Amino acid sequence: MSKTIRLTMAQALTRFLSKQMTEIDGKKVPIFGGIWSIFGHGNVAGIGEALYQVRDELPTFRAHNEQAMAHAAIAYAKANFRRRFMAATSSIGPGALNMVTAAALAHVNRLPVLFLPGDVFANRIPDPVLQQAEDFSDGTATVNDCFRPVSRYFDRITRPEQIIPALNRAMQVLTDPADCGPVTLSLCQDVQAEAYDYPESFFAERVWHQRRPRPDRHELAAAVAALKGAKKPLVIAGGGVLYSQASDELAKFAQGAGVPVCETQGGKSSLPDDHALNMAAVGVTGTSAANRLAEEADVVLAIGTRLQDFTTGSWALFKNSGKTIIGLNVQPFDAGKHRALPLVADAAEGLAELAAALKGWKAPASWTDNAATGKTVWQAEAAKVTASTNAAYPSDAQVIGAVQRAMGTGVTLLHAAGGLPGELHKLWQAGAPGSYHAEYGFSTMGYEIAGGLGTKMAKPGEEVVVMIGDGSYLMLNSEIATSVMLGLKLTIVLLDNRGYGCINRLQMATGGANFNNLLKDSRHEILPDIDFAAHAASMGAIAEKVPSIAGLENALEKSKKNNRTTVLVIDTDPLVSTDAGGHWWDVAVPEVSTRAQVNAARKAYDEKRQMQTIGD
Numbered sequence: 047m048s049k050t051i052r053l054t055m056a057q058a059l060t061r062f063l064s065k066q067m068t069e070i071d072g073k074k075v076p077i078f079g080g081i082w083s084i085f086g087h088g089n090v091a092g093i094g095e096a097l098y099q100v101r102d103e104l105p106t107f108r109a110h111n112e113q114a115m116a117h118a119a120i121a122y123a124k125a126n127f128r129r130r131f132m133a134a135t136s137s138i139g140p141g142a143l144n145m146v147t148a149a150a151l152a153h154v155n156r157l158p159v160l161f162l163p164g165d166v167f168a169n170r171i172p173d174p175v176l177q178q179a180e181d182f183s184d185g186t187a188t189v190n191d192c193f194r195p196v197s198r199y200f201d202r203i204t205r206p207e208q209i210i211p212a213l214n215r216a217m218q219v220l221t222d223p224a225d226c227g228p229v230t231l232s233l234c235q236d237v238q239a240e241a242y243d244y245p246e247s248f249f250a251e252r253v254w255h256q257r258r259p260r261p262d263r264h265e266l267a268a269a270v271a272a273l274k275g276a277k278k279p280l281v282i283a284g285g286g287v288l289y290s291q292a293s294d295e296l297a298k299f300a301q302g303a304g305v306p307v308c309e310t311q312g313g314k315s316s317l318p319d320d321h322a323l324n325m326a327a328v329g330v331t332g333t334s335a336a337n338r339l340a341e342e343a344d345v346v347l348a349i350g351t352r353l354q355d356f357t358t359g360s361w362a363l364f365k366n367s368g369k370t371i372i373g374l375n376v377q378p379f380d381a382g383k384h385r386a387l388p389l390v391a392d393a394a395e396g397l398a399e400l401a402a403a404l405k406g407w408k409a410p411a412s413w414t415d416n417a418a419t420g421k422t423v424w425q426a427e428a429a430k431v432t433a434s435t436n437a438a439y440p441s442d443a444q445v446i447g448a449v450q451r452a453m454g455t456g457v458t459l460l461h462a463a464g465g466l467p468g469e470l471h472k473l474w475q476a477g478a479p480g481s482y483h484a485e486y487g488f489s490t491m492g493y494e495i496a497g498g499l500g501t502k503m504a505k506p507g508e509e510v511v512v513m514i515g516d517g518s519y520l521m522l523n524s525e526i527a528t529s530v531m532l533g534l535k536l537t538i539v540l541l542d543n544r545g546y547g548c549i550n551r552l553q554m555a556t557g558g559a560n561f562n563n564l565l566k567d568s569r570h571e572i573l574p575d576i577d578f579a580a581h582a583a584s585m586g587a588i589a590e591k592v593p594s595i596a597g598l599e600n601a602l603e604k605s606k607k608n609n610r611t612t613v614l615v616i617d618t619d620p621l622v623s624t625d626a627g628g629h630w631w632d633v634a635v636p637e638v639s640t641r642a643q644v645n646a647a648r649k650a651y652d653e654k655r656q657m658q659t660i661g662d
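Under the working numbering, the letters of the sequence shown match residues 47 to 662, in that order.
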């Protein structure tokens, strides 16, 4: 009979988490960087007390918003290239539901995070408990069922011994490169406090290593044959390149074969911006250098990318009718998209074997030279739009130029929704792998500041710069206070265009009237005049509203010496975006309207749809 130890379910859970390890650069470290928590009646007496017992081995961090704390946990995992991650626990009801958006974000971006929401009583005796939403036709349903479609693995713990198989399964999912994503263990609050005689072996230390599957020989042979026959090959680097830490292998492959590389939002910084073969951003928010090549490419090696619509220009970007797509991806679901030749493998392993098999083969010099010429042309265009200005309301691109000049490429730049992702994808000059941190898989407004906090926790010695619009800031700014409390300095550049400028521009482009996006076009009695600097300062940040691009650059230089989070606010023009580069995006326009502008936009829309390659 094996030895046992009597613990509550919550105590067993926290002890187990504290014993899970990984190895990074030859050093063994805890795989969980900590657990974010906002306590309520559904978790304070159970998991809250258990976390107190392991507070030195498994740090607990307090936040101000459940969605924000989950965003911080997810950003931590992304900044660690999925090698380490965090957990997040809340009470039942609104606290749990606040985390569902973050769960979807992690699901879309294939990022590991462990959600531990409290749940109703398993014994159902005190039903309905505080915050319980009753289903009139299903006594087993709770609000935590909302996590099911946005979790890679979901389990509801209704007996204390169920945590044993559930946690083992959770760890398998969190560390699996193909199935990686959010795990939800819904913890009935009475069961959290119930005791069980757990085997001591359950708490033995375990070290998890990154699995690196190698390609199937038949798939490899097909990919090699396709590339050897290519006259105009192109690589699309997605987030999987970074998660695999495959940047060195990508650089060797590109250099050895003379194949130009372009990057998705998730894959940007796979190669440094100044690499000769890096054409930078591809797709709807792409550079002219990358998109021109994508239109002509006869073989596209898509590495670690979901091939979402922003990457493919809604499947109108790749115009070569005889093209072949090779899907190098650890997840078969992604590898075979759009009739691609699948090459199911870890990105680093797959690139290494491709390079070995292609040794001596190079793309035609005319194609490589053509790519270099296009890059030079793009760099000149980008320099124009990011140049300094005296305009009272500068463009987003001009603000990006100021941040780049002041902070250089040695920082980690973080952003999410709105107009900034499009401009930054094109224009930001990224340095080291992972130094460009975009949440554009789910395009979640409010991710930015919390995400910056999680990134800073993963990279405490690096400068983390968050760029955010006023719309996202107003949605979720609470973790400025958390960053100050934890002594984790962020540099936040807040672009105030007085509304949702990006969607306003899209509304105009699709023939719509200016309506309900900019504050001035929304129903109002008084137009808000928000003092963002004063607001940020009230949460403990060093804050300043700067009058100009030159003022922003000066303030950024000074901010480097600040010892706590700094927020710099600048007014910007909501109507200006960068015309250079880019590509059409499929946004449906009404077929019938009483407005001539909408009818004209629909006619243009129907013409553009003819470019789409149906079935590819």
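For each residue, glycine too, the CB sits at the ideal point set by N, CA and C.
All values reported here derive from a predicted model rather than from experimental measurement.
- Counting along the chain, A596 sits inside the alpha helix (DSSP H) bounded by residues I595 to S605.
- The beta carbon of T221 sits closer than 7 Å to those of W254, all from its chain and outside the five residues before and after it, given in chain order.
- Here N324 is not near E342, since their CB atoms are 7 Å or more apart.
- T147 is positioned such that its CB atom lies no closer than 7 Å to that of Q177.
- The region 87-103 makes contact with the region 134-143, as at least three CB pairs between them are under 8 Å.
- Below 8 Å, enough C-beta pairs join the region 64-71 and the region 251-270 to call them touching: three or more.
- Straight-line spacing of the CA atoms in G285 and F356 works out to 14 Å.
- Looking at the DSSP output, C308 bridges to I282.
- Going by DSSP, S293 is part of the alpha helix (DSSP H) stretching over S293 to A303.
- In the DSSP assignment, V159 falls within the beta strand (DSSP E) that extends over V159 to D165.
- Rounded to the nearest whole angstrom, the C-alpha separation of G533 and A401 is 45 Å.
- Looking at the DSSP output, V511 shares a beta bridge with L459 and T537.
- Note that the region 327-334 does not touch the region 257-269; fewer than 3 beta-carbon pairs, one per stretch, sit closer than 8 Å.
- A121 sits close to G497, with the two beta carbons spaced by under 7 Å.
- Taking C-beta atoms under 8 Å as the contact rule, L536 and K502 qualify, at a distance of about 6 Å.
- The three-state reading of DSSP puts H483 in strand, counting E and B together.
- Nearest in C-alpha terms to A335, of all of V307, A224, Y98 and N169, is V307.
- For R258, the three-state secondary structure derived from DSSP is coil.
- R648: member of the alpha helix (DSSP H) spanning A642 to R655, first to last residue.
- The way I'd put it, the region 181-198 does touch the region 210-227; three or more beta-carbon pairs between them come closer than 8 Å.
- Under the DSSP assignment, I209 falls in the alpha helix (DSSP H) whose first and last residues are I209 to T221.
- In the displayed model, Y289 falls within a helix according to three-state DSSP.
- In this structure, R202 places its C-beta atom within 7 Å of the C-beta atom of S232.
- The three-state secondary structure of I495, taken from DSSP, is helix.
- If you ignore the 5 residues before and after E494, its C-beta comes within less than 7 Å of the C-beta of L460, H461, A462, V512, I514 and S518, all in its own chain and listed in chain order.
- Our two residues, N550 and Q658, have alpha carbons roughly 25 Å apart in a direct line.
- Counting other Cβ atoms within 10 Å of its Cβ, V154 reaches 16 or more and is therefore classed as buried.
- Along the region 135-195, the alpha helix (DSSP H) occurs as fully enclosed runs of 4 or more residues at 140-143 and 146-155, listed in sequence order.
- N375 sits in a strand when the DSSP states are folded into three classes.
- For E95, the enclosing alpha helix (DSSP H) covers residues E95 to Q99.
- Shown here for A239: same chain residues with a beta carbon closer than 8 Å to its own, the five before and five after excluded, namely T54, M55, A56, A91 and G92 in chain order.
- Between the region 613-628 and the region 589-603, the count of C-beta pairs closer than 8 Å reaches three or more; the two stretches touch.
- Assignment of beta strand (DSSP E) within the region 511-591, counting only whole runs of 3 or more residues, yields 537-542 and 588-591 in chain order.
- When secondary structure is reduced to three states using DSSP, N416 falls in the helix class.
- Annotated three-state conformation of D236 is helix, per DSSP.
- Boundaries around Q450 are those of the alpha helix (DSSP H), D442 to M453, since no beta strand (DSSP E) includes it.
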